[in-house]
Every structure is written in C-alpha cells, then in structure tokens.
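Below is one structure, written out as structure tokens; comments come after it.
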Amino acid sequence: MARCTGLILIIISALYISTPLSRAQYQYPQWDFHMPLDIDLVVSGSFGELRGSHFHSGVDFTTHGKTGLPIFAIDDGYVFRIAVSPVGFGKAIYVNHPNGFSSVYAHVEWFSERIEEIVTNIQYQKESFAIDESFAPGEIPVKRGELIAYSGNSGSSGGPHLHFEIRETDTQKPINVHFFDFPVKDDVPPHIEAVVIYPLDEQSRINGKNEPLYLPVVFHSGRFHLRGNPAIEASGQIGVGIETLDYFTGSWRKCGVYSIQLHVDEQPWFKSRLDGFLFSQTRYLNSHIDFKRRRTHRQVIQKSFLDENNQLDIYQTGATRGVVAMTPGETRQFHYRVKDAAGNLSQLIFNIRGTTPPRMPEVSAAPKMETLHPARAWSSSFGDFAVSFPANSFYTRVEAEFQINPNPGVGIGQHFSMLNENIPIHQFFEITLPIPDQYITHQRLTAARIGNNGSLIYAGGTRRGNQMVVRTRDAGTYFLVVDETPPTLRILNIPAGRNYSNRDAIRVDIRDNFSGIASYRATINGEWALFEYDPKNNLLIGFFDKFRINKDQRHTLEIVATDNVGNETRLSTDFIY
1 MARCTGLILI IISALYISTP LSRAQYQYPQ WDFHMPLDID LVVSGSFGEL RGSHFHSGVD
61 FTTHGKTGLP IFAIDDGYVF RIAVSPVGFG KAIYVNHPNG FSSVYAHVEW FSERIEEIVT
121 NIQYQKESFA IDESFAPGEI PVKRGELIAY SGNSGSSGGP HLHFEIRETD TQKPINVHFF
181 DFPVKDDVPP HIEAVVIYPL DEQSRINGKN EPLYLPVVFH SGRFHLRGNP AIEASGQIGV
241 GIETLDYFTG SWRKCGVYSI QLHVDEQPWF KSRLDGFLFS QTRYLNSHID FKRRRTHRQV
301 IQKSFLDENN QLDIYQTGAT RGVVAMTPGE TRQFHYRVKD AAGNLSQLIF NIRGTTPPRM
361 PEVSAAPKME TLHPARAWSS SFGDFAVSFP ANSFYTRVEA EFQINPNPGV GIGQHFSMLN
421 ENIPIHQFFE ITLPIPDQYI THQRLTAARI GNNGSLIYAG GTRRGNQMVV RTRDAGTYFL
481 VVDETPPTLR ILNIPAGRNY SNRDAIRVDI RDNFSGIASY RATINGEWAL FEYDPKNNLL
541 IGFFDKFRIN KDQRHTLEIV ATDNVGNETR LSTDFIY
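Take 1 as the starting number for the sequence shown in our numbering and just add one per residue.
As structure tokens, this is what we get:
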C-alpha cells in the first residue's frame, strides 16, 4: 500500500454515486405487498434513523399535513394486536401475515368501522382509553388491500404521518422497510457533514491534544473534502466517527443512512449496517453515537469503533473493534463509504500521520473518583444517601464522582449530585434520598432533579420508611420537593346554553405544572364515558358518537384528574345533547 512521509495535508476524494442494490444483496425474500397508502409514498423518516435513545423501527410516510387518509393492509392476514395510548405509537394496529412477516401501522386517527367498534367495546369494558389487546388468528381477519384504519397524529407524533413497520413475526424484530420494493423514489446520496478523530486513552494525542478533533466536511467540485484541507497528526490509540445524514427525492426531511463502512489502509476495518435490530438492543444507540457531543453540541456523530459494552449486533469488525494504533512516522489512509438503502453512495478519504507521543507533563492529583466497570454491578452509600447500579449499566469504564451538597434554596434537604450528565447510562438504577423527620408523613413529597436550563424535572420516587428511592437512567443532581398543586381542567369553546347538539365533541384543557397527569376519569350521568387523552396538546376529547347516552336530554359530566403525586382536581358541568 502507498505510504507518505513528512507532515501530510489531508488527501481527500469523495464521490456521489447512485448504484441501486440488487435484491440478492438482501437476506430477506421479496414480496409484492400492497401499498399501505393510496398516495405517492414520500419518506419523512427512514428506518434506523437515530431518534433520542433508540433507532427508528420503521419508516414515516408523510400525509402532507393531513389526517384521515385511508390505510390498507399490505397482505392477507389477521390483526393480532391493537394498542391505544396517549403517548408512543398512539393508536396502532398490528397484522400477522402467512409469509412470516408482520406489519404495523401507527399514529392512526381512528380504525376502520369494524375494528373501531371492537376497540370501543373493549375500552368501555375496561373503562380505559388506553388499551393493549391481543387477538387470536380467527378474530379479526383482513384481506390484502382492505381498509383497516385512517392516518392521523395520535400519540407522540410530531405531525400527521403514517409510521409503518415490517417485522419478523416470530421475533417481532423490525426489518428495514426499504428492502421490500415499495415505490419510494430515492436518487439522492447521503451527505457527509463532518468527521471526528478521538483519542482513546490518556496517552493518545490528536494534533497534540488529548481531546476529540471535530473536522467539518464540505462538498465542492463533485467531491467531499475536509474544510480547509487541514493536516492531522495523531499518536497512540485513536478512533474516528462520522456525522452523516440522508435525504429522499422530493423531501427536505433529514433521514438516516443504511450503512457506514470504514477502510483503513485499504483494509476493511469497521462497518455498521441497519438491516434490522432487536428492541432489546435499541438503547445501545447511546453507545453507537458520541453521546456527549450530541448533548453539548446537538451534533450526532456515529462512532466507527466499539465501546467495551456495546452489545448491538449491527456491526462487522475484527479484533481491533475499530481502534486504530498510530505508529510514529507512518501515514494511514481512512476511507469512508456511506450508503442509503437505495444503494446511493458517498465517499470520503483522508490521511492521518502518526507522531511520537509527547512527554506527559506532571499533573496534580485529581479528586478521588469511583471507578465503575461496565459489566459489574456497583452500590455504595454516602452518608444517608445511596446509589445502586445493576450490571451492564455503562458502555465503558466510568470515573464517577458523588457529592452531597448544601441546599441552594431549591427543594428540601441536601442535594445529591452523581456522575456527569454527559455519560450515558443503559440500565435503570436506584438513588436513595433521606426524608427529613418533619416530612416523614407528608403525602405530597417526591423527588426532582435539575434540568439543563436549571428547571426542575420530576423524578418520582417510592417511599421506603424514612427514605425516598428514585428509579432512573439519568445522571445529575437529585433532591426532595413537595408538590401540592393539583392539575387544572377547563372546558373549551362552550356553546350557548351548553347545548352541544351541533358539536362533534367536548374538548377539555388538562394540565399539570410539575409531576404530570397520572390518571383521569370521566363520567356522564354517573357512568364511565370515553374521553381520549392527547397530552402533547393538553387535551381531553370526548366524541359524542362514542358516548353511550340518550340524545336530546340534559346530562351531567364529571371529570377527575390526578397527578403523579396524588393531587386531584374535579370538574362538573351540565350539558345538552
């Protein structure tokens, strides 16, 4: 392989290449599925896209700002699950097909008339808007192309669209929907935004510093380049990462890429590929990316090296796990190949020159830190405070500091600060906070933590004698607070005389200023009534066609809302319908 000497300027070449992948390159058989929507399919969110602390498990098809578009079963089968929730997927329908695949349709507005009746009956039987029901093969059969629902914006959706998935029926493992030949136009190659060079131990240096080096990428003259063609020198063990995204033809939405492949000195070094993933592994996204940089700079860097405890199975890598050892005087070539699921390819090539590690300066002793190993459980007490981590809580070894601080005028008692909020935590762990004697019997005591902007974030907690135990996956500063403010309820747009005969629904504003709504119950004339909860819009909506009341009469509505600490609010009103 070619070698260079001296201080080398980065040599970069990159090409946009569109090379559709053949079906043979996929491990899943192809099926002639019916389209889930009767419109041109435009993707606004791709499979495997990096979302919060999880990979996107399907594709989002835009409905162009509209709700109520018909949704069709993609093949013969039967409905095996229906879930209705105020959050997450909202209203979702799950269909098993005889070919070994399942399809999922989420954030729908309502179901087909036949299925909607089944769902409403279950909701009244259970006296709950939120349900999650399973069905046997013969209960709700569906045919290919049958209308099963209408598109919407339910649950945690950020705007009208259809979230659509294909899963393996046996494992419920989501499969890359782009494999299945739905007519989605995509001739736009991925875009490379930046690369980052990481020192992976205390002795490593990047351009003389023991800190990551962020290098923006630009596209000109038909190729990607590092902006300014900077020279890079490194010593010791290093890793690299890439910031990249993808677009679909006719859409401005930023989506995720399918595969990232890194060659070092023309040798395959590291590859990630999103054919599918297990839901049990999706939180390892926090190890797949540079968690700290996303939190501090809002930039999503996908690392091309593995943390010690990254158990995600989307990688192909040898014994190096993506780590590159730099040799003084040797220049190594790094070649990125980034593809989307349509086979469109973008490339970036750059060189890094190895240098002699600098003499390490003497440093003063650091404060005593606790060493937490990724695969081991760890517990300790700090005065009246305690913390307990189960095994596999971390992705790498963590040097942690725990502090008990005086109350700065917020909350009750001392504050307990732990770890660094830039460290991702995989498992739920427990923090134990002591309850001061004067609050032992207080019924509205709970825990909180400090948010990024200094705000208070509800943390919950369970009483154990004179202690409050918080179960969380967030580092930060925790303390006790009292919440005695109940939720608020307010009927919106009340018609004259409270006569709703020409209205489709009663809409109620529902809010809580801290711990959030834990439950609500609506009754009409003393009998449970179905009200849908839309927390993103602070709404309860009761549709008259779902009420089981006699028409042209006066009725009494009562709603009771309770927050997560137990504060309660009641609203009562008469209306005519």
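C-beta atoms are modelled at their ideal positions from N, C-alpha and C, and glycine is treated no differently.
Proximity of residue i and residue j at Cβ, strictly below 7 angstroms
i, j, result
"V217", "G155", "no"
"I491", "V470", "no"
"G411", "F479", "yes"
"F180", "P36", "no"
"T67", "G159", "no"
"S46", "T62", "no"
"G354", "F270", "no"
"V240", "I301", "no"
"A518", "N564", "yes"
"P434", "D474", "no"
"I440", "N407", "no"
"P487", "A561", "yes"
"Q203", "P357", "yes"
"N525", "T556", "yes"
"S346", "I541", "no"
"G228", "V42", "no"
"F111", "A149", "yes"
Three-state class that DSSP yields for residue i in the structure shown
i, result
"L372", "strand"
"I71", "strand"
"A496", "helix"
"S22", "Reliability of the predicted coordinates at S22 is poor, the pLDDT of 37 falling under 50, and the value obtained from them is presented with this limitation in mind. Coil, per DSSP."
"K292", "helix"
"Q281", "helix"
"N392", "coil"
"D76", "coil"
"F544", "helix"
"N351", "strand"
"K536", "helix"
"S287", "helix"
"H56", "coil"
"H64", "coil"
"H34", "coil"
Alpha carbon of residue i to alpha carbon of residue j, nearest angstrom
i, j, result
"I559", "F248", "46 angstroms"
"T331", "P98", "55 angstroms"
"D40", "H161", "13 angstroms"
"L15", "P70", "Because L15 sits at a pLDDT of 43, beneath the cut-off of 50, its placement in the model cannot be relied upon, and the following sentence gives the value as read from the coordinates. Approximately 41 angstroms, taken between the alpha carbons."
"F72", "Y533", "26 angstroms"
"G90", "G58", "15 angstroms"
"R397", "H373", "5 angstroms"
"I404", "S379", "16 angstroms"
"I140", "T282", "31 angstroms"
"G307", "S287", "For the sequence presented, residue 307 should be read as Asp rather than Gly. Each residue's alpha carbon lies about 7 angstroms from the other."
"T120", "F543", "12 angstroms"
"I206", "Q237", "10 angstroms"
"L200", "S134", "48 angstroms"
"V482", "Q123", "34 angstroms"
"V581", "V95", "The chain is shown only over 1 to 577; residue 581 falls outside these bounds and no answer can be derived."
"N567", "R511", "12 angstroms"
"S381", "Q333", "49 angstroms"
"Q311", "T171", "18 angstroms"
"D265", "I352", "11 angstroms"
"K546", "R554", "17 angstroms"
"P268", "Q261", "8 angstroms"
"N420", "T371", "13 angstroms"
"S572", "I175", "49 angstroms"
"I549", "L489", "23 angstroms"
"M369", "Y395", "18 angstroms"
"T485", "H442", "14 angstroms"
"W252", "I349", "27 angstroms"
"K292", "E168", "34 angstroms"
"S388", "S259", "37 angstroms"
"A24", "R273", "At A24, the pLDDT of 35 sits below 50, so the modelled position is not reliable; the number obtained from the coordinates is stated separately. The alpha-carbon atoms of A24 and R273 are separated by roughly 16 angstroms."
"A448", "G52", "21 angstroms"
Closer than 6 angstroms: residue i CB and nearest the ligand GTP heavy atom
i, result
"T573", "Of ligands this structure carries none, so the ligand GTP is not represented either."
Residue-chain proximity (residue i, chain C), Cβ-Cβ < 7 angstroms
i, result
"I431", "The structure shown contains no chain C; it holds only a single protein chain."
Within the chosen definition, does the segment 187-196 reach the segment 340-359 through at least 3 CB pairs nearer than 8 angstroms? The segment 187-196 and the segment 340-359 touch, with no fewer than 3 CB-CB distances between them shorter than 8 angstroms.
Along the chain, which unbroken stretches of the alpha helix (DSSP H) at least 4 residues long are found entirely within the segment 89-169? DSSP runs (the alpha helix (DSSP H)) wholly in the segment 89-169: 113-126.
Does the count of Cβ pairs from the segment 453-464 and the segment 419-429 closer than 8 angstroms reach three? Taking a cut-off of 8 angstroms on C-beta distances, the segment 453-464 does not touch the segment 419-429, as fewer than three cross pairs fall below it.
Scan the segment 221-256 and note each continuous beta strand (DSSP E) run of 3 residues or more that stays entirely inside, going in chain order. Secondary structure remark: continuous beta strand (DSSP E) runs of at least 3 residues inside the segment 221-256, in chain order: 223-226, 233-245.
Could you give the uninterrupted runs of the beta strand (DSSP E) lying entirely in the segment 384-470, keeping only those of 3 residues or more? If we require 3 residues or more, the beta strand (DSSP E) runs fully inside the segment 384-470 come out as 385-389, 398-400, 402-405, 412-418, 429-434, 445-450, 456-460, 462-464.
Enumerate, from N- to C-terminal direction, the unbroken alpha helix (DSSP H) stretches of 4 or more residues contained entirely within the segment 178-205. Counting whole runs of 4 or more residues, the segment 178-205 contains no alpha helix (DSSP H) stretch at all.
To test your reading of the DSSP string, which unbroken beta strand (DSSP E) runs of 3 or more residues are found completely within the segment 474-532? Taken in chain order, the complete beta strand (DSSP E) segments of 3 or more residues contained in the segment 474-532 are 476-482, 488-491, 505-511, 517-524.
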